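Residue numbers (my numbering): 603 to 733. No residue lacks a Cβ here, since even glycine has one placed at the ideal position from N, Cα and C. Treat the numbers as computed from the prediction; the structure is a model and nothing was measured. Please read the structure below before turning to the comments.
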């Protein structure tokens, strides 16, 4: 029985299918594929253009800030003989690590916590409504 089903299926297939008459290459599918390709290319060009604009706008300010920070660190170390550049780097790394976790080194230690119940509740609500 399986052989007869297979044979009847094969008999219905055309003997030769040229490139212009592929059964899956309908005009609607071809237009849809072309549209997808064009949208993808437009999206990529848009991303490259946006990245170029942001890079051109932000890079000069960032480079100036990097130079200014390097000069400030160099001046600080030269004005404070008891502190080496390595010790300053260690201190800055600790301060930045604390800052990344929401703890400010410039505030008083008695300042409020970042993860109080109210703030945690608000964050949970934000996550639930976003997802």
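Asked                                                                                                                     : Found
Reducing DSSP to helix, strand and coil, say where residue 703 ends up.                                                   : coil
Indicate whether residue 671 and residue 679 have their beta-carbon atoms separated by less than 8 Å.                     : no
So, helix, strand or coil for residue 668, using DSSP?                                                                    : helix
Could you check what DSSP says for residue 674 in three-state terms: helix, strand or coil?                               : helix
If you run the structure through DSSP and keep just helix, strand and coil, what is residue 637?                          : helix
Between residue 639 and residue 663, what straight-line distance do the alpha-carbon atoms span, to the nearest angstrom? : 37 Å
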